[in-house]
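Heads up, the thing below is written out as structure tokens.
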Amino acid sequence: MAKSTGKTKKTYQFKAELNQLLHLIVHSLYTHPEVFLRELISNASDALNKVRFMQLTNQEICDPQAELKIKIDLDEKKQLFTIEDSGIGMTEDELITNIGTVANSGTLKFLEEIQKKGKKPEGDLIGQFGVGFYSVFMVTDEVIIETQHANPDSKAYRWISDGKGTFTIEEIDRKKRGTTISFRLKDEHKDFAQEYRVKSVIQRYSNFVDFPIQLGKEKINKVEALWRRPKDEIKEDELTEFYKFIANDFEAPLGHLHLSLEGTVNFKALLFIPPKAPLNLFYDLENRGLHLYSNRIFIQDDAKELLPDYLKFVRGVVDTEDLPLNISREVTQHSPVMQKIRSILTTRILGLMEDWSKNDPGKYEKLIKNFGPLFKTGLNSDFANREKILKLLRFESTAKPKGELVSLDDYVSRMKKKQKEIYYITGESRDVIEKNPNLEYFRKNDYEVLLLTDPVDIFIIPSINEYDKKPLKSIEKADIDLEEEQKGGDGKPEETLSSEMLESLIKIFKETLGEKVADVKASKRLVNSPVTLVVGKDGLDPQMERMMKLMNQEVTPQKKILEINPAHPIIKNLARRNIGSSTDPILRKTIMQLYESAMLIEGNLDNPTEYVQRMNELLEEATK
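Count the sequence shown with our numbering and you get residues 36 to 659, in order.
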């Protein structure tokens with residue numbers, strides 16, 4: 036501690052009811068005591084920035100050769116904590132104004148109003164009124180500040196206070212520029228006198244401060260604030276290493292986005308698209324978000340408000356001057372600044388995705404395969420960007436080999452002249468879908484069908500309704516618009532049942548199946564299969580029904596429409612049996628077996644034992 040010059044020590048009263056304010060700081064405004072260190076480092080960083088500006092503008096300064104840095108010294112046995120910077124320092128008037136005046140009439144009025152209303156103060160009170168320094172009183176009972184302003188003719192001063200209404204200032208014999216803050220830690224916070232504890236806090240909150248932070252002889256903040264540097268000065272390996280640090284990943288990112296904006300909102304951002312999705316995409320990203328900084332000082336590492344949920348796979352840092360350091364989570368949710376940044380980031384990320392989709396389709400396909408299920412959810416949540424999201428959606432299709440994806444624009448460009456609808460089908464996997472009888476007509480007549488295998492697809496597709504004025508239709512729905520005529524391999528119409536035989540057989544189907552089906556109809560979509568089940572116009576998609584059952588949701592069993600293929604040999608044989616005898620037991624057993632076979636394909640057969648028993652009976656009859 037510097038020697039006193041022997042001049043009179045002056046005592047001052049705080050200009051506000053500090054006890055009341057300190058109570059708010061300690062009990063309401065901060066939830067974690069370690070942020071006192073963030074505040075002190077932030078103040079030291081500001082002081083160093085100011086003296087650096089003086090140097091750059093060729094102003095004379097005291098101690099011009101002093102290194103611009105922040106130094107922390109600890110004494111674990113005595114529970115002493117000291118932080119020193121070589122920044123601009125403070126004059127006596129600044130000590131009284133900046134440190135002594137912790138609040139003004141506006142603050143007091145604000146406090147009185149919230150007390151009357153019985154509300155708790157918002158978390159940005161410190162940022163609004165500049166009382167962050169006083170967070171130190173969470174961990175100590177008395178603070179000593181020694182400071183020397185950078186002006187060559189300035190004097191040095193010592194400021195002491197216990198934070199209970201008064202402070203003293205005296206002139207001291209100090210020759211070096213900057214500020215030293217020292218105090219003894221309370222017993223319950225003595226861990227802040229241990230190097231490992233302080234080091235971990237610095238690495239968490241202040242790793243990107245633009246000046247060296249020295250703890251003992253070690254420089255702690257070793258990661259450079261890359262987002263502050265011009266784009267053309269950053270090397271690819273630097274970006275990779277920064278991504279690995281920020282995302283705790285071992286692989287290089289798929290790509291990045293570097294932003295520096297000034298205008299209605301000022302911020303810099305360095306965002307990354309990870310190379311892979313976590314094993315459980317929706318669950319593993321639940322508590323992650325962008326790192327939020329205010330002038331390189333950490334605020335929070337899961338700032339979910341900066342991006343909509345469907346883009347929360349993006350990693351990176353956002354640094355803005357327009358937010359106070361101590362903005363609370365509650366305030367960030369409703370902050371106009373955060374909303375503006377969110378809007379800009381969303382637009383830029385979607386722009387990056389659009390650029391990749393056009394100019395680097397391989398990279399874009401990786402992104403969609405990794406994060407497509409999450410990204411698609413934006414269709415039902417971000418209506419402002421709905422059209423952009425629609426164009427960026429990708430699906431598998433019967434027009435492309437397994438693994439290749441197509442856009443809705445791709446599909447539309449390949450539609451037949453008379454085709455009015457965009458066709459799709461849902462299922463567990465492509466292999467399963469391609470065995471679905473409902474695809475037969477479309478495959479034979481060369482109609483492209485989107486193959487939707489993501490579970491999320493069944494939630495988003497119904498909300499699209501149409502694209503480019505063309506309705507989206509499930510080929511598993513009964514109301515699909517299909518051409519009447521089917522032709523065989525030689526181009527001639529396939530031989531089918533007469534209307535009388537068909538009508539009579541359908542009647543027997545209805546009698547046999549009874550309440551199991553909503554209706555029985557002749558099919559236009561079947562080619563190789565005898566029967567299929569389809570959903571009525573307002574029915575539940577089969578894949579949705581399966582998912583709800585898996586999630587133990589109560590699903591009212593829905594009756595489906597059984598479509599029969601009048602050109603199929605089995606159906607023709609049944610029609611002939613029906614002419615011979617409508618009470619033929621083989622006829623009725625076969626109808627039931629065909630129905631349950633369709634149920635089996637759908638994955639909805641409840642009694643396979645009965646099904647197998649009936650099959651054995653039919654085989655026995657056939658082999659007599």
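In this text, a Cβ means the ideal position worked out from N, Cα and C, and glycines have one as well.
(request) Locate the alpha helix (DSSP H) running through residue 510, then write down its first and last residues. (result) Residue 510 -> no alpha helix (DSSP H), and no H or E assigned at all.
(request) Report yes if the C-beta distance between residue 372 and residue 390 is below 8 Å; otherwise report no. (result) no
(message) I need the straight-line Cα distance from residue 37 to residue 184, nearest angstrom please.
(response) 15 Å
(request) Note the first and the last residue of the continuous beta strand (DSSP E) segment covering residue 262. (result) Note, residue 262: premise wrong, no beta strand (DSSP E); not H, not E.
(request) Could you check the C-alpha separation between residue 658 and residue 447 for me, to the nearest Å? (result) 51 Å
(message) When you compare the CB positions of residue 472 and residue 567, do they come within less than 8 Å of one another, or not?
(response) Closer than 8 Å, so yes.
(request) Per DSSP, which residues does residue 193 bridge with? Please list them. (result) 181, 205
(message) Taking only three categories from DSSP, how would you classify residue 69?
(response) coil
(request) Taking 8 Å as the threshold, find out whether the segment 212-226 comes into contact with the segment 250-260 through three or more Cβ pairs. (result) Between the segment 212-226 and the segment 250-260 there are fewer than three inter-stretch CB-CB distances shorter than 8 Å, so the stretches are not counted as touching.
(request) Assign residue 280 to buried or exposed, taking buried as 16 or more other Cβ atoms, counted over all protein chains shown, within 10 Å of its Cβ. (result) exposed
(request) Could you tell me whether the segment 104-121 touches the segment 196-203, using the rule of 3 or more Cβ pairs below 8 Å? (result) no
(request) Please determine if the segment 551-566 and the segment 620-634 are in contact, where contact requires at least 3 C-beta pairs separated by less than 8 Å. (result) yes
(request) Please classify residue 134: does DSSP put it in a helix, a strand, or coil? (result) helix
(request) With DSSP as the reference, label residue 331 as helix, strand or coil. (result) coil
(request) Taking residue 77 and residue 332 to be in contact with their CB atoms under 8 Å, please state how far apart those CB atoms are, rounded to whole angstroms. (result) Residue 77 to residue 332, Cβ: 5 Å. Contact.
(request) Flag this pair as yes or no: are the beta carbons of residue 204 and residue 129 separated by less than 8 Å? (result) no
(request) Could you spell out where the alpha helix (DSSP H) holding residue 271 opens and where it closes? (result) Residue 271 -> alpha helix (DSSP H) spans 271-282.
(message) Is it buried or exposed, residue 351, if we count other Cβ atoms within 10 angstroms and call 16 or more buried?
(response) buried
(request) State yes or no: is the C-beta of residue 537 within less than 8 Å of the C-beta of residue 476? (result) no
(message) If you measure between the beta carbons of residue 329 and residue 355, is that distance less than 8 Å?
(response) yes
(message) To the nearest angstrom, how far is the alpha carbon of residue 654 from that of residue 318?
(response) 49 Å
(message) Can you find the residues in the same chain that come closer than 7 Å, C-beta to C-beta, to residue 375, ignoring five residues on each side of it along the sequence?
(response) Correct list, in chain order: 299, 300.
(message) Tell me the DSSP secondary structure of residue 350 in three-state form.
(response) Looking at residue 350 - three-state DSSP - the assignment turns out to be strand.
(request) Quick one: measure Cβ to Cβ for residue 178 and residue 221, integer angstroms, because I've assumed they're closer than 8 Å. (result) Rounded, the Cβ-Cβ distance is 12 Å, inconsistent with contact.
(message) Quick test of your reading: residue 416 and residue 337, contact by CB under 8 Å. State the CB separation rounded to the nearest angstrom.
(response) Actually they are not in contact, since the Cβ atoms of residue 416 and residue 337 sit about 19 Å apart, beyond 8 Å.
(message) Tell me the rounded alpha-carbon separation between residue 609 and residue 501.
(response) Taking the straight line joining both Cα atoms gives about 40 Å.
(request) State the Cα-Cα distance for the pair residue 559 and residue 399, rounded to the nearest angstrom. (result) 38 Å
(request) Look up residue 238 in the DSSP assignment and say whether it is helix, strand or coil. (result) helix
(request) Can you tell me which of the three DSSP states residue 249 falls into? (result) strand
(request) Look at the alpha carbon of residue 370 and the alpha carbon of residue 348, and state the distance between them as a whole number of angstroms. (result) 22 Å
(message) According to DSSP, is residue 428 part of a helix, a strand, or is it coil?
(response) In this structure, residue 428 counts as coil in the three-state DSSP scheme.
(message) Let's see if you can read the secondary structure: which residues bound the beta strand (DSSP E) around residue 484?
(response) If you look at residue 484, you'll find it in the beta strand (DSSP E) that goes 484-487.
(message) For residue 429, count the other beta carbons within 10 Å of its own beta carbon; 16 or more makes it buried, fewer makes it exposed. Which is it?
(response) buried
(message) If I follow the unbroken beta strand (DSSP E) through residue 556, where does it start and stop?
(response) 552-557
(request) Work out the CA separation of residue 621 and residue 612 for me, nearest whole Å. (result) If you take the alpha carbons of residue 612 and residue 621, they lie about 9 Å apart.
(message) Could you compute how far the alpha carbon of residue 39 sits from the alpha carbon of residue 381?
(response) Distance between the alpha carbons of residue 39 and residue 381: 57 Å.
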